[in-house]
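So the structure is just underneath, and the comments pick up after that.
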Amino acid sequence: MYRYEPLDQALVDQRVRQFRDQTRRYLAGELGEEEFRPLRLQNGLYIQRHAPMLRVAIPYGMLSARQLRMLAHIARTYDRGYGHFTTRQNIQFNWPRLEAVPDILAELATVEMHAIQTSGNCIRNTTSDQFAGVAHDEIVDPRPYCELIRQWSTFHPEFAFLPRKFKIAVSSSIEDRAATFVHDIGLHILKNAAGEIGARVIVGGGLGRTPVIGAVIREFLPRAELINYLDAILRVYNRHGRRDNKYKARIKILVRQLSPEKFAAEVEAEWAHLKGGPAVVPEEEFARLEASFVPPAYEAPADTDATFERHRHDDRAFARWVQQNTFGHKVPGYAAVTLSLKKPGVPPGDATAAQIDTVADLAERYSFGEVRVSHEQNLILADVRKSDLFALWQAASKADLASANIGLITNIICCPGGDFCALANAKSIPIAAAIQSRFEDLDYEHDLGPIDLNISGCINSCGHHHVGHIGILGVDKDGSEWYQVTLGGAQGLDAALGKVIGRSFAADEVADVVARIVEAYVEARHVQNEEVEPFIDTVRRIGLEPFRARVYGTPELKVA
Amino acid sequence: MTRRIILDRAIADDLWQLIPAGDAVPAGGKIIVPLAAWLAGHAALSARGGQVGVWLKPDDEPGLLARDVARLPLIAVQFPQFTDGRGYSIARLLRERFGYRGELRAFGDVLRDQIFYMASVGFNAFALKDGKSLEEALSAFEDFFEAYQTSVARPVPYYRRRLGGAPA
Ligand code: SF4
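So the sequences go chain by chain: A and B.
Take 1 as the starting number for the first sequence in our numbering and just add one per residue.
Take 561 as the starting number for the second sequence in our numbering and just add one per residue.
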């Protein structure tokens, strides 16, 4: 993974010093609340329901074992012994004291980590495919591009006070695992017919109050022009994005108001001035960044392993875990493994300090000491030999990290919701728990096949409910908590926004509603030979009506 | 008492008078007029006794001054709130695209903690918000000693400078 050079380290250290001084001035009353607010936000510090929340960046999801141990240490020392992995490759600590934050940031800096621009109206942490560098369907490794963007966006002097937050995601594979169509900018790194590397540029996607699938504004941008083009997009947005209404301030509104074609024309006009200028990225820089992501020293094991096959044959639980939680690796004999942070009953994405330490140990033992975080709030060991899978599974099981539910209905993406978040309309964690307990029967869950279920506690959509096959949104009605259900959302290349099925439900009904939706699917799905039609395909084929009929057709649910 | 500002990283007396939109223009002295007033009558303004500068609101188009940059001694950019970042783009455009070399001043809600970025995008003068210490603000230039990006302060980005010698 990328290691800091002296400049990277110096900038992060200077940032800690700067924020320490700002915190001191704030506590001394020299900096007013309003003056301090954007400063603390751009250092990851958010004031929420119970206490400050500190959001630490995990750039494009990459973590070393050493960094994990630091996160565990921070969870123990400054928090209540756990952290929450978010849907944007960050980790949040829910209970730090404001006075302690400069010390936390100083500790993070010792392991090349920070909380820079993880909140506030600025360019946020760049996210990517959790399987970058190892995925069997990868075109090029997106991480050098992510790191280039990380550096460009860090302390960009022109774009520190944008109309609203700004999120960039990068993907470079056949499937899109980085949700690029629902980001302010999505980039697909690809090769043109001549074999040159460049980017397809998508803008104006986003969830929240006005969910929009992004529009492609350029099919191929030569990679040397990447920074110039990003500067052009950001400049058009910084100058012309709305600032009078925070609900209309995201770039998606500007793109829609102008039309994607007109917006693209403005960007191209701005780019025409910058093109070929000083910010052209030299090939040497790409070579330097690529050198940071050379593949580890893989051994050349056989693609399969007799012991592994025997365990898989003998142990049904292990076989199930292999089926759900491993992912095809481009090197034969290896697999990428997802350690599930979705154990039923535990808030999705939460990990205890002990678990984080365990993951660090497992990474060192089985996966070259590196870990990735996925936007689905799980942890990934990307380079595990198949012959090690059984031992890894046993160790992960002991640490409650081996729920075999990746891609299944209990792998719920869920925001912190009303238990923690001051903006919430409703709680989300107890809803996740109720649904998970409804699908406790593993055979049933596996029989249902892939279902993405996403929960957000309010329309800010941190739980990405719009792109869940089943989406659940907390809404406020007369001061009480209700839940709206959407169907048919999807992430990836065929990204789609779910449609609301009808009136909202009370908290204690949501699990029933989900159960009914799933029953309706099981009855309607096509099964041919061994081929079972997946949930999302059935929804697309038969539409919402059969699901509505099932959910609302029986009277005992109280709907609002 | 003369108002004081930061100019070229030092505390200096402010010799200019800012004319709010719609106000009458005094006969003499150094004045900074709104862009609209400048566009409406720069012949007359230039003919009067004292020097004239122009100030821009965040939604003003700096390109309208493209032909005037060589003769303007001062351009000021208003920050109605420090969280309104449009002025940063305006500054870069004036410096980088239109080649403006004179005093570029930030005024309005200008605070110590934004000065480093403001200086990076080309401001060399800062009329701080009333009541803020200029002495303390002077240290803001030292917040960081380097930056990755292309800017007015560092026209060549770090990834090219680190190669050494190579022309941009
Ligand atoms: S979706 Fe709403 S409730 Fe959930 S974390 Fe985001 S802002 Fe908070």
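Every residue, glycine too, gets a C-beta built ideally from N, C-alpha and C.
The Cβ atoms of Leu108/A and Met70/A sit closer than 8 Å to each other.
Taking a contact to require three or more Cβ pairs closer than 8 Å, the stretch 588-595 of chain B and the stretch 609-628 of chain B qualify as touching.
Contact between the stretch 459-475 of chain A and the stretch 203-213 of chain A is present: 3 or more CB-CB pairs across the two stretches fall below 8 Å.
For the stretch 395-415 of chain A, the beta-carbon criterion of a distance under 8 Å to any beta-carbon of chain B is satisfied by none of its residues. Where Ala57/A is concerned, the enclosing beta strand (DSSP E) starts and stops at Pro52 to Ala57.
With a cutoff of 8 Å on beta-carbon distance, Asp673/B and Leu230/A are scored as not near each other.
When secondary structure is reduced to three states using DSSP, Asp361/A falls in the helix class.
For the pair Tyr247/A and Asn238/A, the Cα-to-Cα distance works out to about 16 Å. Linking Ser374/A to Asp129/A through their CA atoms gives a straight-line distance of about 7 Å. Residue pairing by DSSP places Glu545/A in no beta bridge whatsoever. Contact note: Ser711/B reaches chain A through His156, Pro157 and Glu158, using a C-beta cutoff of 9 Å and chain order.
Separation of the CB atoms of Gly468/A and Asp443/A is rounded to 23 Å, and the pair is thereby denied contact status at 8 Å. Residue contact with chain A for Tyr660/B: absent (no Cβ-Cβ distance below 8 Å to any residue of chain A).
For Ala10/A, at least one C-beta of chain B is nearer than 8 Å to its own C-beta. Approximately 7 Å separates the beta-carbon atoms of Ile91/A and His84/A; this is inside 8 Å, confirming the contact. Boundaries of the alpha helix (DSSP H) around Glu266/A: Pro260 to Leu274.
In the three-state DSSP reduction, Thr180/A falls in the helix class (H, G or I). Here Asp244/A is exposed, its C-beta having fewer than 16 other C-beta atoms within 10 Å.
Annotation: Gln89/A is outside any beta strand (DSSP E) and is labelled neither H nor E by DSSP.
Residue pairing by DSSP puts Arg564/B in a beta bridge opposite Asp573/B.
With 16 or more other CB atoms across the displayed protein chains lying within 10 angstroms of its CB, Pro618/B is buried. If only uninterrupted beta strand (DSSP E) runs of at least 3 residues are considered, those enclosed by the stretch 214-247 of chain A are 215-222. Nearest CB-CB separation between Pro144/A and chain B: not below the 8 Å threshold. In the same chain as Ala135/A, and ignoring 5 residues on each side of it, the C-beta atoms closer than 6 Å to its own belong to Ser173, in chain order.
Ligand 1 approaches Gly463/A closely enough that one of its heavy atoms is under 7 Å from the residue's Cβ. The alpha carbon of Glu545/A has as its nearest neighbour, out of Ile517/A, Ala297/A, Thr86/A and Gln528/A, the alpha carbon of Ile517/A. Cα atoms of Glu158/A and Asp383/A: separation of roughly 39 Å, rounded to the nearest angstrom.
A residue is called buried once 16 or more other Cβ atoms fall within 10 Å of its Cβ, and Ser119/A is buried on that count. As computed with DSSP, Tyr78/A is found in no beta bridge at all.
Distance from the CA atom of Ala300/A to the CA atom of Asp388/A, rounded to whole angstroms, is 14 Å. Rounded to whole angstroms, the separation of the alpha carbons of Glu481/A and Ile429/A is 13 Å. Secondary structure note for Ile185/A: its beta strand (DSSP E) is the uninterrupted segment Ile185 to Lys191.
C-alpha of Met62/A to C-alpha of Val371/A: approximately 6 Å in a straight line.
Not a single C-beta of chain B is nearer than 8 Å to the C-beta of Arg20/A.
As a beta-bridge residue in DSSP terms, Phe686/B pairs with Ile566/B and Ala666/B.
Taking Pro416/A as reference, the option from Tyr298/A, Phe93/A and Val551/A with the minimal CA-CA separation is Phe93/A.
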